[in-house]
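To start, the structure itself, in structure tokens.
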Amino acid sequence: MASDGNDPGRGASLVDLIIYWRRLADLLTPLTMDHLVQYDSDYRRRIAVMIAAAESTTLSDALTRDEITLAMAAMAAAAGAKKSNDSKAAKTQKKSNDLCHHFLRGNCRRGNSCRFVRDVQEQKRQRLANNTSHKDTPSSSEGNRKPKDTGPVRNTPRGRCAELREQEADTPAGYQDDTGISARLPSAKNTSDVKPAARDELRAYGIIDGIAQKWQLADNLRASLSPSGAIRDEFIVHIDNSFTGAADELRDSLSRAFPGYHTATASIGGPLYPDMIRLLSQLFDEGRDESLAEEVDRGISMGALTELSSSGVFPPKEQCKPKEEYPPCRNPLYKNYISARDAAQAVEETIQSELKAGKIRKLATHELHSPSRLYSKLATIPKRRDEKRNPNRLSAGGGPEEERQLAQRVIFDEAGTLKRYTGAVTDFEGAYRQLFICERERPLCSLRAGNCFYENLAMPFGAPSSCWNFCRLSSKSLRIQHRLAEISLGVAELADVSRGLIYIDDAIWLLPTEGYFPLLVKLLLILPLIGLKISWRKCLYGSQSLRFIGYTIELGTSPQFRVFFC
């Protein structure tokens, strides 16, 4: 490092630069950060002029000692004047009518002591009250303008509490979880007032726990995991067979313990077990979306010729797309797979696989021109197992806010201390294709592949109502799992909570590290019990680093939680 390449003696070493940085660090106490940055810029500019004009001053001398004392004195005086003005302004500042920008972004740490308002309606009320008081008492209006005329307040960005107040210790009442809502973290000993388990709930839980232990699901799953948390390829079939066999035995045991609930699949067809959905709903999710099991049995409505059922859980959508946005095509020669014309083999493989699974049927010649038949792009688009999932799903919603809120509400106690939690990510295989359409609306989902014509029996991915119908089922399973986890932790006398999120067919859970695998397998067993198939290749268990709907979530050993897009 040299100021002049022809004269190394006038340059400076790395030690000189470190000494200069140390001098700047020592100046941080008498100066503010803004004045320190300004002093550094001014000092280096003046030193450059001195070195260029004089032979006696070297860069090493300028870095190791203060060569321009007047610059330091002037900056210290300016900093002292600003601190004095800030102190006076802080004493006269009242509650501001401005919105807190930090609160709107989700990172306000002032709690109830923040001087800015947090609600637009509150802002309007305060401004209206101030305007009224100003008209009644002119002297008060004059007094209220004085703090605004002070220099530091005028130059400070509006609604930014960090620059106007001294740092304050966080309190539980002032905690904010990045959602824009001030909230108190749940106590470890009083987790949302969990209701005591009923007798039938405990009886069903005992049966589920006994079957899980009999099949050694926890030990098998733990032994099958790779260091990343994924199930090793050589264990996929074994794990799938273990959970399928355990679910079959569990179904028989529950039907014997609770007469009136049968083990048959839906009468309309498909892999789902309506009576198991009805039984688990009655036990663990009573009173919510009670008609789901019956609709699964008789066939799901697409909302085209029939009305979509209200779940009673989710609020109704305010607006619907007009029917004109889904133009029909009644021509049987209509080509569906426009986006897959170059993937003829993949299309044929998908068709054969769907025929074998009973999710589509081949149409006879006399059925092609039925007045009610509709050929459209609602058929499933083929996707091979080794191909990446279409990332367009991320643009429709989903983000790190929900995952961050989940973690902050679960893995931190009321004092903000990190508790020991481990994550789990589960993917449902087939998703919408597990739901079979009611017979009246099946002709609306016809397709052509090559010279053959088919009718969808299962809910196609392209239908606008497919996502809604499957979300009813997946959210039902999540609520059942939540209640089962509460009972399991209560039986084990653990004060921690277990919580999960689900995004259509992808679920993420945070479970206490203590007793992680025994609890996890009981939650997973619910899915094959009602007929939902798990895509084991996409699952991650027992890991502190999770991949969920395009985001990587890291649960560290320090009080930190990171979510970032991959």
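When the letters of the sequence shown are read in order and numbered with the numbering used here, they come out as residues 17 to 582.
Ideal Cβ placement from N, Cα and C applies to all residues, glycine included.
Just so you know, these numbers come straight off a predicted model, no measurement behind them.
DSSP places ILE255 in the uninterrupted alpha helix (DSSP H) bounded by 252–273. In this structure, ALA447 is the residue among GLY315, GLU457, ARG389, ALA447 with its C-alpha nearest to the C-alpha of CYS483. In the DSSP assignment, THR442 forms a beta bridge with ALA523.
In the structure shown, the three-state DSSP call for LEU460 is helix. Between TYR532 and THR438, the C-beta gap is smaller than 8 Å, which places the two residues in contact.
Judged by pairs of C-beta atoms under 8 Å, the segment 528–546 touches the segment 226–246, as three or more such pairs exist. Across the structure, LEU541 and ALA440 are spaced so that their CA atoms are roughly 14 Å apart. In the DSSP assignment, PHE533 forms no beta bridge with any residue. Per DSSP, reduced to three states, the secondary structure at ALA474 is strand. Look at VAL513 here: in three-state DSSP terms it is coil, with no helix or strand label. When only Cα atoms are considered, GLU310 and LEU296 end up about 14 Å apart.
LEU539 sits in a helix when the DSSP states are folded into three classes. For the pair PRO459 and SER386, the CB atoms are nearer than the 8 Å cut-off. Take PRO290, set aside five residues on each side of it, and the residues of its chain with a beta-carbon closer than 6 Å to its own are ALA282, ALA309, VAL312, ASP313, in chain order. The straight-line gap separating the alpha-carbon atoms of THR74 and THR80 is approximately 10 Å. In the structure shown, TYR289 falls within a coil segment according to DSSP collapsed to helix, strand and coil. Cβ-Cβ distances below 7 Å link GLY315 to ILE284, PHE452, ILE453, CYS454, GLU455 in the same chain, with the five nearest sequence neighbours on each side left out; the list follows chain order. Judged by beta-carbon spacing, LEU556 lies beyond the 8 Å limit of GLN450, meaning their Cβ atoms are not closer than that value.
Setting aside the 5 residues that flank it on each side, GLU217 is surrounded in the same chain by LEU299, PHE300, ARG499, ILE503, each with a C-beta closer than 8 Å to its C-beta; the list follows chain order. Counting the other CB atoms within 10 Å of its CB gives GLY303 a total below 16, which places it among the exposed residues. Membership of GLY222 in the alpha helix (DSSP H) is indicated by the continuous run 215–230.
8 Å or more divides the Cβ of ILE293 from the Cβ of PHE444.
Taking the CA atoms as reference points, GLY516 sits about 7 Å from LEU494.
Here ARG488 is buried, its C-beta having at least 16 other C-beta atoms within 10 Å. Bridge pairing for PHE564: TYR567 [DSSP].
Look at TYR59 here: in three-state DSSP terms it is helix. When rounded, the separation of the alpha-carbon atoms in LEU526 and MET475 is 31 Å. For ILE376, the enclosing beta strand (DSSP E) covers residues 376–378. Taking C-beta atoms as the reference points, ALA273 and ILE223 count as a pair closer than 8 Å. Put simply, of ASP305, LEU505, VAL210, THR279 the residue whose alpha carbon is nearest the alpha carbon of SER490 is ASP305. Assigned with DSSP and collapsed to three states, PRO544 falls in helix.
Per DSSP, reduced to three states, the secondary structure at ILE284 is coil, with no helix or strand assignment. In the displayed model, CYS487 falls within a helix according to three-state DSSP. In this structure, SER327 is the residue among TYR59, SER327, THR260, SER317 with its C-alpha nearest to the C-alpha of LYS492.
Around the C-beta of GLU457, 16 or more other C-beta atoms lie within 10 Å, and the residue is accordingly described as buried. Around the C-beta of LYS375, 16 or more other C-beta atoms lie within 10 Å, and the residue is accordingly described as buried.
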